[in-house]
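Reading through the structure tokens given below for one structure.
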């Protein structure tokens, strides 16, 4: 019966896990990942688990411990993390599951497995100094009695240049995921 | 009293009526705002924090440097800005190696991060520095007879370890409730009060799953306390709860609409601000509740 066969979950081949993956994650900020005992308090508090994303905090940690890097890169769950930090608040082992999520994202970025919206947000951050930006916002700003531009990098080219000089010293410049050095203000970006 | 106003992206570009409300309410209560000219994005979670830990902290540290040069703390009405800036500061102050690395980067632009200025959550700042009593005395319009569903927002609460402004019990928050009560409203408990709004990364990744969370939350509010108004402490929660309702109505998931305001907008209205300036850019219809407020 084909239906019954489809209902059998995929068997994970543990020997296919990537050795040393957990060390990479530790080096990228998830210092205490090995303290996780899979008690699932983080999962019980996680909005991603409630919303139905397959790789919420507890499962991300277990997948990393098993070296299942490709499986995590194939799924978009890690980008749905709300950074709400309930997991960090309730973890009895001080694992800081949110740091694990962030470290996993840093791996994904190195592998260019990041969503288009994230790239747009980064480009917008570099181009205008704001990850979320709406060029047409000036109309609404004026309507409510504010200046066309907020007092940020948008209104201060020297400050924007400062920010860009900082960003040019980060991993962004090695990755080459956005054009740097030439600034062009884009129309909008809502992340 | 004087603080730096960290405006943040969503407030400046999506909901400038909220920015206007902040600029009205704080001075009306005797708190002077400094613009911290040249500030940037905090930066938020899906960008630098997801790419480069030191790079994230460097952008945050540059914003802090602007406040430190003026010897000011910063306030923000955005949960993401509060969370990102509080966390990057905590990391810088607890990791000397990271701080040295970030300061080496900042030196190239003639800045330095010292760690003398703090990021404050605007709502908690009101609660701690002014207090519900002072607010109660200052308002011109009272909210008698109005029921509010509060949405404190994740980043006002967790991780409490890194926050300057925190609740006594983060899983039973009371700051926003008491501040709404100070205006004369009722703000009863509902069972999904702590639930996430689903904005941010979740909405960008899967809008359907994100809206499913909002639907659960809205139904909990509607069925349990039937509020006149939702009041948030976070600009992201404001945008999500305000905009999601139209989509949910269109998909026949909900058959009601609850107006949504950020607490700063509600406060500005109660202090006498012009509704067209401080509460005019939302998708939900706030007119009837604004009329009620002005009558109070």
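Residue numbers (the UniProt record's numbering), protein chains in the order written: chain Z, 1 to 191; chain H, 1 to 296. No residue lacks a Cβ here, since even glycine has one placed at the ideal position from N, Cα and C.
Residues of the region 31-50 of chain H with a Cβ closer than 8 Å to any Cβ of chain Z, in chain order: 35, 36, 37, 38, 39, 40, 41, 43, 44, 45, 46, 47, 48, 49 and 50. Per DSSP, the continuous alpha helix (DSSP H) segment holding residue 87 of chain H begins and ends at 79-94. Unbroken beta strand (DSSP E) runs of no fewer than 3 residues, entirely contained in the UniProt domain "Cysteine-rich" (3-85) of chain H, are found at 32-34 and 74-76, following chain order. Our two residues, residue 192 of chain H and residue 18 of chain H, have alpha carbons roughly 25 Å apart in a direct line. Of the candidates Z:102, Z:114 and Z:155, Z:114 places its Cα closest to the Cα of residue 73 of chain Z. Under the 10 Å beta carbon count, residue 87 of chain H is surrounded by 16 or more other beta carbons and is classified as buried. Counting only the Cα atoms, residue 54 of chain Z lies some 14 Å from residue 10 of chain Z. In the DSSP assignment, residue 159 of chain Z falls outside any beta strand (DSSP E) and within the unbroken alpha helix (DSSP H) covering 157-167. Take residue 99 of chain H, set aside five residues on each side of it, and the residues of its chain with a beta-carbon closer than 6 Å to its own are 92, in chain order. Uninterrupted alpha helix (DSSP H) stretches at least 4 residues long and entirely within the region 32-111 of chain Z occur at 41-45, 47-51, 57-65, 69-73, 86-90 and 97-110, given in chain order.
For residue 105 of chain H, the closest Cβ of chain Z is nearer than 8 Å. In chain order, 47, 82 and 84 make up the part of chain Z whose C-beta sits under 7 Å from the C-beta of residue 196 of chain H. Its chain contains 61, 93 and 95 as the residues whose beta carbon lies nearer than 7 Å to that of residue 36 of chain Z, once the 5 sequence neighbours on both sides are disregarded; these appear in chain order.
For residue 61 of chain Z, there are no C-beta contacts with chain H under 9 Å, since the nearest C-beta of that chain is about 17 Å from it.
In this structure, DSSP gives residue 194 of chain H a state outside helix and strand, which the three-state scheme calls coil.
Restricting attention to H:207, H:221 and H:154, the CA atom closest to the CA of residue 229 of chain H is found in H:221. Between the alpha carbons of residue 80 of chain Z and residue 284 of chain H lies a gap of roughly 26 Å.
Interface with chain H (8 Å Cβ-Cβ cutoff): residue 93 of chain Z is excluded. With respect to the C-alpha of residue 152 of chain H, the residue from H:163, H:176, H:200 and H:24 having the closest C-alpha is H:176.
In the DSSP assignment, residue 186 of chain H forms a beta bridge with H:147. At least one CB of chain H lies nearer than 8 Å to the CB of residue 53 of chain Z. With contacts defined as CB atoms closer than 8 Å, residue 182 of chain H and residue 136 of chain H qualify as a contacting pair.
Taking CB atoms only, residue 37 of chain Z has no neighbour in chain H less than 8 Å away. H:255 is the residue among H:255, H:234 and H:239 whose C-alpha sits nearest the C-alpha of residue 223 of chain H. At least one beta carbon of chain H lies nearer than 8 Å to the beta carbon of residue 117 of chain Z.
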